[in-house]
Structures are given as structure tokens and as C-alpha cells.
Amino acid sequence: MISRYATLVAWLVSFCLWGCVRNIDPQKADEEVRKLLVDVPGFDWEPVVESRLAFPDSDTLPVPPMDDNASREITLRIQKDDAYEDGNISSILETRQWRKSLPADANGLILLDLETSMELALLHSREFQQQKEALYLSALDVTYERFQLGPVPFAGVSGQVSQEIDEDASDFQTRASAGFRGIAGKGTTWVTSLANRLSIELSGGDVEVGGSLANLTVTQPLLRGANRRIYLEQLTQSERSLLADARSLEQFRQGFFLHVVLGSNPAGSVGSGRGISTISPPSTGVSGFLGLVQELQRIRNQEANVAKLNDSLLQLEAAFEAGRIGSRLQVDQARQALFNGQSRLLAAKSSFANRLDGYKMFLGLPPDVSMRVMDDYIESFRLTDLELVGLQEAVNRILSAVRNPEEVSTLESLRSYFEQVVQMKKRTELSMENLRKDFSKFQEVLPQRKIGFASLRKRSDLKELGMGEEAFRDEDLDRLFEELNSTITGVENSLNLFYENIEEWEDESEALPLEAARGRFSLLLNGFSGTLLELSLVKASARLESIVMEEMVISPKDSSAVASTFRMDWKNNRAQLVDVWRKADLAKEDLKTDLDLVLSGNLGSDSMGAGQFESDESRVRLGIELDTPLSKVKERNRYKASLLRYQQARRSYLAFEDSILRAFREHQRLSKLFQLNFELSRAAVRGAIAQVDLARMRLDEPPQPGRNAQFGATTARDLVNALNDLLDASNSFVEVWIGYEAMRMRYAYDLGSMQLSEKGLWTDMLSQDPKDF
93 MISRYATLVA WLVSFCLWGC VRNIDPQKAD EEVRKLLVDV PGFDWEPVVE
143 SRLAFPDSDT LPVPPMDDNA SREITLRIQK DDAYEDGNIS SILETRQWRK
193 SLPADANGLI LLDLETSMEL ALLHSREFQQ QKEALYLSAL DVTYERFQLG
243 PVPFAGVSGQ VSQEIDEDAS DFQTRASAGF RGIAGKGTTW VTSLANRLSI
293 ELSGGDVEVG GSLANLTVTQ PLLRGANRRI YLEQLTQSER SLLADARSLE
343 QFRQGFFLHV VLGSNPAGSV GSGRGISTIS PPSTGVSGFL GLVQELQRIR
393 NQEANVAKLN DSLLQLEAAF EAGRIGSRLQ VDQARQALFN GQSRLLAAKS
443 SFANRLDGYK MFLGLPPDVS MRVMDDYIES FRLTDLELVG LQEAVNRILS
493 AVRNPEEVST LESLRSYFEQ VVQMKKRTEL SMENLRKDFS KFQEVLPQRK
543 IGFASLRKRS DLKELGMGEE AFRDEDLDRL FEELNSTITG VENSLNLFYE
593 NIEEWEDESE ALPLEAARGR FSLLLNGFSG TLLELSLVKA SARLESIVME
643 EMVISPKDSS AVASTFRMDW KNNRAQLVDV WRKADLAKED LKTDLDLVLS
693 GNLGSDSMGA GQFESDESRV RLGIELDTPL SKVKERNRYK ASLLRYQQAR
743 RSYLAFEDSI LRAFREHQRL SKLFQLNFEL SRAAVRGAIA QVDLARMRLD
793 EPPQPGRNAQ FGATTARDLV NALNDLLDAS NSFVEVWIGY EAMRMRYAYD
843 LGSMQLSEKG LWTDMLSQDP KDF
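Residue 125 in the numbering used here is what sits at position 33 of the sequence shown, and the numbering runs on without skipping anything.
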């Protein structure tokens, strides 16, 4: 008997120790979540080791980070010796592994194109990581609700020592209980448990077994709560919410692509409220990667503008020295325009660097990471040939040096510059070859351009702009083609003539005085500089005319029909409207009478050691519990409130549908606007090029016999204005095209048809008609 009691005591002590040290494994939660979300694309809440967000052993509580000194003093003053240990400077908040995995070259420079931007954002973005973690938390809610429906175990042990005041004897008493509870079909709730009591007299060593008690209680709803839509409501709602959050993450992925490319994410956050969502109208503003590319193109155009202004200044100075300009004012005006252009260039580069740092932080990277933005995305829009810009700058430097007697004081030094000019021949030939390619591209797209013109001629809004059918004629395109071909031939002949003349100068320079050789060489270089300017203009014209904007035909009603099938938030809003109705239905159920059948049974024993239950210690109870609706005023008010909330949700859902239709109507208007603006911007660039060409030709005109040899009083100003107009028109042209691209991407997003690759990039499904989806 004593050994049996000793065994019992040992079992109770072991049970207590097991209950104290037993922990729930966090990895088990991860496994359950992975099973729930195995089909969700792009979902893994744990950052990979290449990510800056990765943290070693994230399932355990890390050491505390280093605290603020004043805050630490407060903690120590209140908690004293029980305060947690302060962290130290060696406590890391991020690993260093991620820097080694950056896609950088040997110099540590990241060449940032669209694909690399998306790759870095998916790896390091804090915003995207937070959305994945929100979905993880939503899945945890489902695991808890499923756990609640199964047999839920519970167990507990208590012990106490008691002693009467006037007695020496003391007792040690323990009580232990264990059991399960759960929910069965028809809303039946059940609880089963086993409890026992043990008492030990510490002074005498006597052991008294208080017996055991087995209990089973079953409660069966007979009226309210007897069907699955009532007692499984919490599980139903949690799983519906998980589906909605999974859809929200997928839509967030689509919006995140727009955020990376365009700088704004129209998608809502995962789990951000459960109301009917709304949408924002499409925006024409662009930042993000395309914003950087657009800003970089502005810098390229500004650099070309500065080079042209510098070239024009040198030509004006030469004209002033030759007596072709009567007032120094025109030269000073050109110089002031050059200074202003250089100042704007410096400001643009500084602004670009600031925007790039901000973009790095959006990607999740520190601003000290070295990056170079690659603008290949708008390669065809580089109206300015950077090679030609460099060539013009080199010629201008040589021209400035040649005109300076202090720098070129001998024929040998003059010949050294001649050698540099001769070496430029291959570069000019390459530029001419590229020009021919651009012209061939114009020839290829000429039929498409005519189709676009035919579409524009059919538009009714041309009359509102004061434009007739003559605005977009096919013969205008044919005329442009012929003129451009003729101009290219003329530029090529001018270059050939220059190199013939420069070779003649080499042969004649030995017999010429230094000043005569200098003057002749300077005159040739001045003409060469003008030819390079003309080459850059004709190259810009060839590229300008070879760009085609594909027409988008948008039907708002057809687009809305597609969106109702594919948009994730539309699906969620439909489900949310039903959820609000379901809450009203549940509130209506609460008004009904509660009638429950309760069955309870106990099996008791005074001798647990014998392991037998005795009938006189056992009892069975059967009863009913009735709760009439006579006093359910609170439930009535809750039901009325739920009806109002449903009506509000219904109106919000209708407003959502209206906002979708409005967005597609705006897409339709924007599409037409961009297509017309694109051609108008092209015409503006074309006109600006013609102005620059005309102003430059004035400088090259030889003096007419019998007339005043000097230029007009506004020659310099006209040239400067023409160059600035070309700069503005070129920037606007690129801005219109990038805005159109942004609109196309947003349209795909609004349709819900934006398919993303594994790398998170848009696969461009817009080649299909919306009716084909």
C-alpha cells in the first residue's frame, strides 16, 4: 500500500514538473501556416539570407538591443535587480551577409535596370515584407480556430500545506485534474475530465486518498445555435478572411510592381480593415524607376543643350571677331544663356542624386549603396546622341585652344590639334552609320505612322483644337521622309568635304604663316562644329520620326466586365458584402429563444488506490435550459445596427462599382489624350529642330554683295531661344510617352489582368482585346 502511494506521489510531482517546462514549439505554427498558404504566389514570410531583412534564429527572442541611457536609468530605478540586461554595441540589428549578395560589379557598382530594381525590392523591401507577415498572422487566426474545434486538452495540479493553530500536525494536500473539451455536430459542446485529491499528514506520514471524480457534461442546443452556420461561424469567418488576405497580397504584388516602376501603389494593405475598399483614380504622375529614367533623360537633354549653347557661343565669338556682329551684347547674351544652362544642369544632377537615394531606401537599401541607373528602357527616345555630344565638346575645346595664341604659338602645336581632329573621323563615320540605321527604322514604321494618322483624322476633338483634316496627312509623312533623306545626304557630303579640306590644309600649312594657318584651321573647325550640330539635329529628327505609340482602344463597359472577374479587391468586396449580411443574419438568430438540453454525469470513488468507481458516489443529471427573448433588448439593438451596416455596405459596394467604371472612363480619356499629345509633342520637337537649324544657318550664311555683312540684332537671342525650345519640347516628348506607359500599366492593374513573372515583372498581357479575357 505504501509503495502504491509513493508511486502516486511521484506521478503527481512528475506531472507538475512536466507542466512547468512544457512549451509550445513555434515551428509547429510555421508548419501549419505553410500548409494553409502553400498555393499563395510570392509568399514566404521568412526573409532569405541574401535579404537585408534576414535575422538569424528568428524563432527565439534575441538579446536586447542597446538602450538609451536615460530610458535605461528609469528601468533600473523601478525594476532594480530584476531588470533585463542592457544590450551592448555588439548587438546587431542586421546581418552583413546581404551586402555580399548584391548584384554589383567588381567596383561595387549596381547597374540598376527595371529587372534589377524589382529583384532588389522583393528581397529587401520592408513594406512588402510587412504585407507577407500580415498574411502569416491571418493564417495563425485560422490555426487557432481549427484548434478550438478539436478535442482541446487541459490539465492542472495544485498543492497546499495546512496546519491548525493549536495543533502540531500539518497536512499536505494535492488536487489534480485533466480532461478534454470540444464541439461536436449540431453545435454540441462537451467537457470530460478526471480529478483526484491526495492528502499526506507530514508529522505522522499517514496518507489519505480523497478519491477521484470522472465527469462528462454535454450541452445540445435545440433551437438557436443548432446548425453549422452558427457554431462554425468563427472558423468560417477566419478562413474567409484568410482568403481575402491572400487575394490582397496578390493584388499588393501587382501594385508593388507599379510602386517600383511608377512610384505609387494603388493596392491596399493586407488585413487593412474589413470594409468595402475603394480605388483611387489613375494618375499621370510618374516617379519610381521610370521617374528616375525620365529625370536622367532630362539631364541628357540638358547636357546636349549646354553643348549646343557652348558651340553657339564659340560661333558667335568668331562672328564678332570677324565683324559679322556689331554689338558685344549678343555674345554676352549667349554666354549668359550658357551659364544658366550649366546651373540648371548642376541642379538637375543634384536633384537626381537625392531622388536616387530616396529610391534606394524604398528598395530597402541604405543610401550609400553605389548605383547607376540604366536608361535602356527609353533607348529609342535618346534624341541626343551622347557620342556626338562628346565629339562636339572635344571640337569646341580644340577650337578654343586654336584661337588662343598663347596656347598655340607654333605650327607644331597647331598640327597636334590637327592630329586630334583626324582621329575623330572614325567617330563621325560611326555616327553617320547609326544615323542611317535610325532612318531605316523610320522607313520601316512609316506604314504604322500612316495608320496612326488615319486614326487621328477621325477624331472629332480636332475641330475643338482648331485643327482640320490637313493636320495629319500621309503626304506630310512622305515629305518628311524625303526631306530627311536629303538632309542626311547633305550632312554626309559636308563631312566628306571637311576632311578633304583639312587634308589640303595639312599640305598647305607648311607654306603659310602661323596666323594664316591658324585662321584657316579655325575657320574649318568652325564649319566642322556647325556640321556636327546639324548631324545631331538630323539624328534627333530620324529618331523622332521612327518612334511609334501603339494605339489602345478602351471600352469602359467591357473593361469593367473584365475587372469584375479578375480584380482581387472586387472579389473581396463581394465577399465582404456577404460577410456584413451574415453578421446581420447572426444578429437575427440572437433574437430567438435559447433552449439547450444538458446531460451531466459523474463517476466517483472514495478509494482511488483500488481504482474502482462506486455507484453511490456517481450521479447522472439531465435537464433543459430555457432563455426567452423577453429581455433581449441589447440583441434587438444589435440586430437593427447590423441591418444599417448592411445598407451602408451595399451603398459602398455600389460606389466601388461606380469608381471602377469612372477609372476606365478616365483611362479612355487619357489614352486619347496621350495619343494626340504624343503627335503634338513630336511636332513641337520637329518645329524646335527646324528653328535651331534655321538659326544656325544664319551664322553660316556668307555676306551678300552690296549688303550689310553683319547679322541681325536678334540673331543670338533667336538661337538661344530655339535651343531652349528644343530642350523643353524634347523633355515634354519623353514625358508624354512615359506617362502613356504608366497609364498602360495602371490600366492592366485596374483590369486585374496584370500577370507577374516569378521575378515580379509584368508579362504584358495588354496585347489582347479585353473581350478575349
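Ideal Cβ placement from N, Cα and C applies to all residues, glycine included.
In this structure, residue 745 sits near residue 368, with a CB-CB distance shorter than 7 Å. Contact between the stretch 477-490 and the stretch 826-846 is absent: fewer than three C-beta pairs spanning the two stretches fall below 8 Å. Counting along the chain, residue 588 sits inside the alpha helix (DSSP H) bounded by residues 566-600.
For residue 464, the enclosing beta strand (DSSP E) covers residues 463-465. Three or more beta-carbon pairs separated by less than 8 Å link the stretch 753-764 to the stretch 639-649, which places the two stretches in contact. For residue 691, no alpha helix (DSSP H) run applies; the uninterrupted beta strand (DSSP E) run containing it begins and ends at 686-697, by DSSP. Annotated three-state conformation of residue 254 is strand, per DSSP. Here the stretch 304-322 makes contact with the stretch 670-687; the two share three or more CB pairs at distances below 8 Å. Using a 10 angstroms sphere on the CB of residue 374, the tally of other CB atoms reaches 16 or more, which defines it as buried. Annotated three-state conformation of residue 288 is strand, per DSSP. For residue 204, the enclosing beta strand (DSSP E) has its first and last residue at 202-204. Rounded to the nearest whole angstrom, the CA to CA distance from residue 475 to residue 499 is 35 Å. Within 10 angstroms of the beta-carbon of residue 119 lie fewer than 16 other beta-carbons, which makes it exposed.
Setting aside the 5 residues that flank it on each side, residue 226 is surrounded in the same chain by 362 and 363, each with a C-beta closer than 6 Å to its C-beta; the list follows chain order.
Taking C-beta atoms as the reference points, residue 205 and residue 466 count as a pair closer than 7 Å. Here the stretch 200-220 lies against the stretch 345-364, with 3 or more beta-carbon pairs under 8 Å apart.
As summarised for the stretch 432-481, the continuous beta strand (DSSP E) elements at least 3 residues long and confined to that stretch are 463-465, given in chain order. In the DSSP assignment, the residues bridged to residue 282 are 274 and 310. For the pair residue 482 and residue 339, the Cα-to-Cα distance works out to about 52 Å.
Residue 659 carries a coil assignment under DSSP once its states are collapsed to helix, strand and coil. Listed in chain order, the non-local C-beta contacts of residue 811 below 6 Å within the same chain comprise 404 and 787, local neighbours out to five positions each way being set aside.
Counting the other CB atoms within 10 Å of its CB gives residue 731 a total of 16 or more, which places it among the buried residues. A buried status is given to residue 494, since no fewer than 16 other beta-carbon atoms sit within 10 Å of its beta-carbon.
Here DSSP, grouped into helix, strand and coil, assigns residue 669 to helix.
A check of alpha carbon separations from residue 547 across 512, 564 and 536 identifies 564 as the nearest. For residue 848, DSSP records a beta bridge to 854.
Minimum Cα-Cα distance from residue 529 among the listed residues 714, 634 and 231 corresponds to 634. Sixteen is the threshold: since fewer than 16 other Cβ atoms of the shown chains lie within 10 Å of the Cβ of residue 254, the residue is exposed. Collapsing the DSSP output to three states places residue 710 in a strand. Uninterrupted alpha helix (DSSP H) stretches at least 4 residues long and entirely within the stretch 172-252 occur at 189-192, 206-216 and 218-241, given in chain order. Annotation for residue 349: the continuous alpha helix (DSSP H) segment containing it runs 325-354. By the Cβ-count criterion, residue 390 is buried, with 16 or more other Cβ atoms from all chains shown falling within 10 Å of its own Cβ. In this structure, 830 is the residue among 855, 518 and 830 with its C-alpha nearest to the C-alpha of residue 471. Considering only 815, 491 and 613, the residue with the shortest C-alpha distance to residue 784 is 815. By the neighbour-count definition (other C-beta atoms within 10 Å, threshold 16), residue 851 is an exposed residue. In the three-state reduction of the DSSP assignment, residue 363 falls in the coil class, being assigned neither a helical nor a strand state.
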